[in-house]
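Please read the structure below before turning to the comments.
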Amino acid sequence: MSSDRKTEERVKEEQLSPKISLATNAAFNVLYKVLNVVFPLISAVYLARVLLPAGVGKISYAQNIVSYMVLLGALGIPTYGVREVAKRRNSREATDKLFSEVLVINFCSTSVALLLYAYLVVTYFSSDVPLYVACGLPIVFNYINVDWFYQGKEEYVYIAVRSILIKGLSVVAILLFVRSQSDYVTSALISSLAICGNYVFNIVRARRYVTFTFHGLQLRQHLRPIFVLVACAAGAQLYNNIDVLMLGASQSSNVVGWYNNAQKVIGLVLTLATAISEVFLPRISYLYETDKERFDRLVSMGFRIVLFFALPLTVGTVLVANDLVVVMFGEPFRPAALTIQLLAPLVLIKGLGDIVSYQVIISSGQENRLLAAYFLAAAVNVALNMVLILRFAQNGAALASVVTELLVNAILLHYSRRILKVSLDWPFMIGTFLACVAMAVPMLVANFLVHNVFVGLFVDVVLAVITYFAFCLVTKNEVLLMIMDLVRKKKRPA
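Residue numbers for the sequence shown follow my numbering, beginning at -4 and rising by one.
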């Protein structure tokens, strides 16, 4: 083999090696996700005490309506764009063409969504127009939403820095300008401007990497996969968010507020559990086309990483929920504690399902497989909510969400097993489970002995972290050793 050929293969190996670029991307994504947890946590804690459950519930309901319009405006572009940019990353000309074609499609769909939202506000929500205008700004700014481009290019350093800056400013603005329960519109406006700020940064910076053109555009080739993905997203959005709509229609704003903040807690925990694996989609999309064996290995590694973080976070959330909800949101939100405990399994179910089912199916271009699963799940979720919400209010909605998520991931796993060749690592799985058992014992003892919610929460978290990682270290957990090895390598002088 010639030296040029060896050099070329070595460069290719370095470009694809998860321990190099993926490790860097994962590190910045973890930083970004952790700080994205901290900033909304500060906002949620503050707003819960200022706006109270009723104010939080009003904003949540309006933002839920907006989320459907944003879904319509974005179509399936956020997922489709990531995959297609990753496939074309070695060709500037192909990337320019893709970017321009997708942006034109996005302009058309966003215009339809904006007109529909304006009609809904005037017809059904005229009593609170300022709130719905404030919440609706992300629909307007969806015209310039190109976040998918940076994810496809694996620009996670930029994504982290940009988002941390915007989130930090939004938290400061909330602390300065939201001072009473009547300021709920101001709170909604600040949240919307934070989203829109990301879009402005993105489109201005995009000129460094891509050039928009109207020359030779071919839109039709993108329509089918984009419409399939938006249909999938609609199904997912329906079964994920219909509970809030049904709660708002049949229960008080307080119930919606309790459920909304319980969802926030679970969303934050899920974010922590999947911060590393989220950077895999662009890479596995590329590897599916170029190196199937490495594709299988990378997904297997992602499964172990998610399990290593998601399982203890699930167990820990259940055990600290009673103290956590009072510390975060105050005594008026105590009814949300049981809701958090019921929703906690979603951290494990969604975390594992994302890496071994959703990402595998999307990267292989078989997104049509998602349709039946999502719409069946939506139908089941509506039926369960109709029965359970009337009897158990927000806790019924939580039960319906967990059952629905189990169903959809079971169906998707059935499809992904045809694409993916992965054998389960039983010793790793059993070891991780035993580490969680070892973690839970001192937490249960602390819950019995400590009655102050602030002290109890602190003691629980410290005991959980020390016990879990100590057990994993003693048993030589594969993921923990891999992380430690990567940290040591980063610390070595160049």
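Even for Gly, the Cβ is constructed at its ideal location relative to N, Cα and C.
- Per DSSP, residue 139 lies in no alpha helix (DSSP H) and is assigned neither H nor E.
- For residue 207, the secondary structure class from DSSP, reduced to helix, strand or coil, is coil.
- Short of 6 Å from the beta carbon of residue 131, and not among the five residues preceding or following it, lie these beta carbons of its own chain, in chain order: 61, 112.
- Looking at the backbone, the Cα of residue 58 and that of residue 38 are separated by about 16 Å.
- Three or more pairs of CB atoms, one per stretch, sit closer than 8 Å, so the region 131 to 141 contacts the region 98 to 106.
- Listed in chain order, the beta strand (DSSP E) elements of length 3 or more contained wholly in the region 360 to 406 amount to none.
- 8 Å or more divides the Cβ of residue 175 from the Cβ of residue 51.
- Counting C-beta pairs with one atom in each stretch, the region 433 to 445 and the region 382 to 397 have fewer than three that are closer than 8 Å, which means they do not touch.
- Taking 8 Å as the upper bound for CB-CB distance, residue 343 and residue 309 are in contact here, some 5 Å apart.
- In terms of CA proximity to residue 473, 302 leads the group 396, 374, 302.
- With the rule of 3 Cβ pairs closer than 8 Å, the region 194 to 206 counts as touching the region 78 to 96.
- One Cα belongs to residue 87, the other to residue 321, and the distance between them is close to 52 Å.
- Residue ranges of uninterrupted beta strand (DSSP E) with 3 or more members are absent from the region 430 to 469; none lies entirely inside it.
- A residue is called buried when at least 16 other Cβ atoms come within 10 angstroms of its Cβ; residue 161 meets this threshold and is buried.
- Under the three-state reduction of DSSP output, residue 91 falls in the helix class.
- Shown here, residue 339 sits in coil according to DSSP, grouped into three states, outside any helix or strand.
- For residue 330, the three-state secondary structure derived from DSSP is coil.
- Excluding sequence positions up to five before and after residue 345, its CB lies within less than 7 Å of the CB of 265, 400, all in the same chain and listed in chain order.
- Counting the other CB atoms within 10 Å of its CB gives residue 253 a total of 16 or more, which places it among the buried residues.
- DSSP, reduced to helix, strand and coil, places residue 314 within a helical segment of the structure shown.
- Here residue 222 carries a helix assignment [DSSP, helix/strand/coil].
- Three or more Cβ pairs drawn from the region 205 to 225 and the region 358 to 367 lie within less than 8 Å of each other, which places the two stretches in contact.
- Shown here for residue 166: same chain residues with a beta carbon closer than 7 Å to its own, the five before and five after excluded, namely 34, 37, 38 in chain order.
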